[in-house]
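All remarks here apply to the structure that follows.
Protein chains in written order, with the working numbering: chain A, 4 to 550; chain B, 171 to 445.
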């Protein structure tokens with residue numbers, strides 16, 4: 004600690020010190036949940052049934068590249084730990100227009116699309132399996148398979164997340180912590196089921212219970228294999244050339260590109276100027292999740308068998324995506340935790356395990372709006388949005404306007420998604436693409452930081468980290484930037500027709516263009532409005548915002 | 171005036187402020203301003219109590235002793251959750267400007283406000299005082315009319331792991347002017363302090379370390395107190411440490427004590443960058 008005097012170990016703190024809301028451990032949990040193995044992970048793995056690259060090497064190789072993202076963001080946070088993260092960095096390094104447009108699209112507008120995705124995961128992880136176990140088969144299938152079921156779940160998501168925002172960072176961190184420990188214990192139980200179970204026992208359990216609880220076809224195990232093969236389920240666990248593994252990466256990053264998701268919150272994290280702490284907070288989340296994912300894969304392969312799991316995924320998504328009207332033999336999303344507990348006949352145990360596993364969703368769900376509110380606040384503090392959107396109701400401590408700006412468009416998008424209007428269900432990966440564009444902006448800002456903001460960089464704790472004399476932040480930025488460039492090429496050009504959100508998808512192009520135009524319009528409009536008020540936005544961007 | 175079932179104690183120490191009710195402009199003298207704010211808050215049914223160096227000065231004549239005198243750059247207040255809901259309109263009416271960024275993000279626990287005319291700031295803690303350790307304050311705001319109670323005032327300084335010179339001077343002033351014993355009436359309530367410390371090993375450890383540092387400070391003659399004054403402070407420190415040591419400890423305290431200082435026992439505190 005600087006400022007220590009001699010003699011009696013006195014310090015030179017100027018005023019009453021501040022204890023920020025979150026510890027590094029809270030930030031770690033947020034990062035851990037942001038690359039959520041059970042929600043995002045299982046959701047994306049299940050959709051990858053048609054890829055030729057092995058999911059295990061895809062998981063590991065993508066994780067290696069994402070480590071460079073962690074370096075870039077840990078460094079940016081250490082230099083400028085401010086609420087608003089990407090928005091503040093980009094607007095101060097690259098300029099206000101770029102910063103505003105990229106940040107509000109990637110941290111605000113595109114989150115509207117994430118709401119129905121969070122809802123889809125909630126119904127498949129929570130409502131459907133629990134209602135089925137309770138014997139309410141029709142209700143379970145209504146949630147699982149109807150557009151209204153999805154929309155109602157999206158409304159529930161908005162309510163839950165609204166409550167999370169209202170209770171504040173301190174309480175949210177407590178809920179996160181409880182969910183973290185519950186989810187770890189629950190996953191350990193599921194892994195034990197898979198470890199000590201056998202394929203024969205799984206087959207017996209599935210064939211006996213899936214028809215009873217969910218109205219599955221008789222002999223659902225074998226029927227699922229047939230349906231999956233017809234759907235073209237081929238994704239292996241291991242193997243595949245480097246080329247096909249790299250083709251699978253743009254899909255798997257839907258799950259693991261987000262260890263930095265807390266970046267906009269680091270103004271509220273203790274010790275955020277410590278690069279190493281930031282790095283390990285996010286890094287352990289990525290490493291731990293990758294290891295857990297690998298173990299989960301191996302145990303699924305051992306007991307459920309990888310081929311059956313991928314066939315079940317193929318059968319389900321082939322139906323959901325409208326390639327067949329034939330209901331799959333297992334008429335619900337093949338949730339591995341549910342598949343594992345089919346190996347016990349105890350309904351109580353099944354219910355408890357699935358309920359506990361839902362902590363993976365509940366501990367994570369705040370991420371859909373929480374990070375976004377900080378970007379909205381930061382833009383409002385800069386006068387690029389009305390001051391009112393950064394106001395917090397003094398009685399409830401709720402940022403009502405910021406929440407409304409998230410919730411109302413989210414419900415509109417959720418309706419479009421639920422009823423698949425304008426092919427909105429094909430836009431799933433847009434949710435990742437738009438954020439990746441924002442990350443690319445921050446990555447370019449990181450690469451240029453040592454030259455554009457020389458004094459700020461030299462005074463920062465990361466100035467000492469260099470590789471062959473080149474700043475570490477720039478080296479990591481170039482590697483991660485190249486990775487993002489590759490992802491964007493694959494998504495947009497999509498030469499192999501694998502992702503469905505590229506230039507060939509009109510809905511995708513219009514949706515993304517509309518968002519960028521809306522952001523640009525807001526920027527130009529408020530810039531003009533503030534100038535009329537005598538406020539020079541450019542002057543604001545010359546200053547680093549106060550904490 | 172009843173607030174949440176509690177009565178605000180009358181404020182014999184509050185000095186009449188002719189400005190209140192007419193003009194909201196802040197006062198140049200910090201102590202006058204403190205009185206103005208507390209009196210106005212009382213009229214608005216807000217429990218607003220001073221914490222920090224200025225609170226020590228209210229209670230301790232020795233705070234003006236040539237050796238213990240120091241500057242008071244700002245005012246720190248505490249209020250409860252009910253008071254916090256009224257702060258926005260109250261402090262704005264008292265001619266203060268909020269730190270919007272800070273208050274938006276952390277305003278449920280602490281708020282920063284600026285007196286732009288006088289170039290000063292005030293910090294308002296909500297409910298608890300959180301620094302290296304957390305001190306619950308909301309339920310005892312009615313004990314004193316102007317400040318938080320002496321025991322909590324002592325702890326608000328003694329719970330600091332990285333003490334600065336001003337903290338030491340404040341603690342010495344408090345100990346010189348107040349006996350350590352039971353009760354709150356111009357007494358540092360050892361029962362309350364030992365009660366809090368017997369539930370929280372971390373707080374116990376930091377306060378014990380602070381007591382050691384104060385002794386060292388006196389032994390090294392880093393402060394110009396006469397022998398009798400120094401002995402008075404040492405005696406009171408001994409009384410307090412004894413009370414803390416003898417208080418029965420909880421199971422959680424004992425278990426945490428086994429881990430010891432190998433694991434950090436306090437929260438990290440940072441400086442806030444201000445405008």
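For glycine and all other residues, C-beta sits at the position ideal for the given N, C-alpha and C.
Verify whether the separation of the beta carbon atoms of residue 27 of chain A and residue 272 of chain A is less than 8 Å. yes
Roughly how many whole angstroms lie between the Cα atoms of residue 438 of chain A and residue 107 of chain A? 10 Å
Rounded C-beta distance between residue 228 of chain B and residue 317 of chain B? I'm assuming under 8 Å. 5 Å
Is the Cβ of residue 173 of chain B closer than 8 Å to any Cβ of chain A? Residue placement at residue 173 of chain B is poorly supported in this model, since its pLDDT is 37, which falls under 50; the coordinates still yield a value, given next. Taking Cβ atoms only, chain A never reaches closer than 8 Å to residue 173 of chain B, which makes this a no.
Using the C-alpha atoms, what's the distance from residue 241 of chain A back to residue 60 of chain A? 7 Å
Which of helix, strand or coil DSSP assigns to residue 278 of chain A: helix
Using a Cβ cut-off of 9 Å, pull out every chain B residue sitting near residue 173 of chain A, in sequence order please. 278, 279
Return no unless some Cβ of chain A is closer than 8 Å to the Cβ of residue 270 of chain B. yes
Measuring only between beta-carbons, confirm whether residue 430 of chain A sits less than 8 Å from chain B. no
What do you reckon, are the CB atoms on residue 374 of chain A and residue 81 of chain A nearer than 8 Å? no
Applying the criterion that 16 or more other CB atoms from any shown protein chain within 10 Å of the CB defines a buried residue, is residue 306 of chain B buried or exposed? exposed
Beta bridge counterpart(s) of residue 219 of chain B as assigned by DSSP: B:248
In angstroms, rounded to a whole number, what distance separates the CA positions of residue 391 of chain A and residue 543 of chain A? 18 Å
Count the other C-beta atoms from every protein chain shown that fall within 10 angstroms of the C-beta of residue 516 of chain A, then say buried if there are 16 or more, exposed otherwise. exposed
How many Å lie between residue 340 of chain B and residue 270 of chain B at the Cα? 31 Å
Cβ neighbours of residue 430 of chain B in the same chain (closer than 8 Å, five flanking residues each side left out): none
Please state the DSSP three-state secondary structure of residue 352 of chain B. coil
Given 8 Å as the limit, is there contact between the stretch 221-235 of chain A and the stretch 450-469 of chain A, that is, 3 or more CB pairs closer than that? no
Under a three-way DSSP split, which group does residue 355 of chain A fall into? helix
Write down every uninterrupted run of the beta strand (DSSP E) in the stretch 66-116 of chain A whose length is 3 residues or greater and which is fully enclosed by it, in chain order. none
The stretch 67-83 of chain A: which residues have C-beta closer than 7 Å to a C-beta of chain B, in chain order? none
So residue 398 of chain A contacts chain B; which residues on that side make the cut at Cβ distance below 8 Å? 255
Inter-residue spacing [alpha-carbon to alpha-carbon] between residue 396 of chain A and residue 414 of chain B: 42 Å
Given this structure, state the Cα-to-Cα distance separating residue 304 of chain A from residue 407 of chain A, to the nearest angstrom. 44 Å
Quick one: list the residues of chain A neighbouring residue 274 of chain B, beta-carbon separation under 7 Å, in chain order. 380, 393, 395
Under 8 Å Cβ-Cβ, which residues of chain B neighbour residue 273 of chain A? 437, 438, 440
Residue range of the alpha helix (DSSP H) that residue 387 of chain B falls in? 371-389
Of the choices B:428, B:404, B:244, B:368, whose alpha-carbon is the least far from that of residue 384 of chain B? B:404
Run of the beta strand (DSSP E) containing residue 245 of chain A, from where it starts to where it stops: Here residue 245 of chain A belongs to no beta strand (DSSP E); instead the alpha helix (DSSP H) covers 245-259.
Can you tell me which of A:22, A:20, A:31, A:23 puts its alpha carbon nearest to the alpha carbon of residue 366 of chain A? A:31
Would you identify the three-state DSSP class for residue 329 of chain A, choosing helix, strand or coil? coil
In angstroms with no decimal places, state the Cα-to-Cα distance between residue 272 of chain B and residue 281 of chain B. 7 Å
Straight-line Cα distance separating residue 278 of chain B from residue 268 of chain B: 14 Å
Residue 331 of chain B - containing beta strand (DSSP E), residue span: Element bounds for residue 331 of chain B: n/a, residue is neither H nor E.
Check the C-beta distance from residue 65 of chain A over to residue 256 of chain A and give it rounded, since I have them as a contact under 8 Å. 6 Å
Given a threshold of 16 other Cβ atoms within 10 Å of its Cβ, counted over all protein chains shown, does residue 283 of chain B qualify as buried or as exposed? buried
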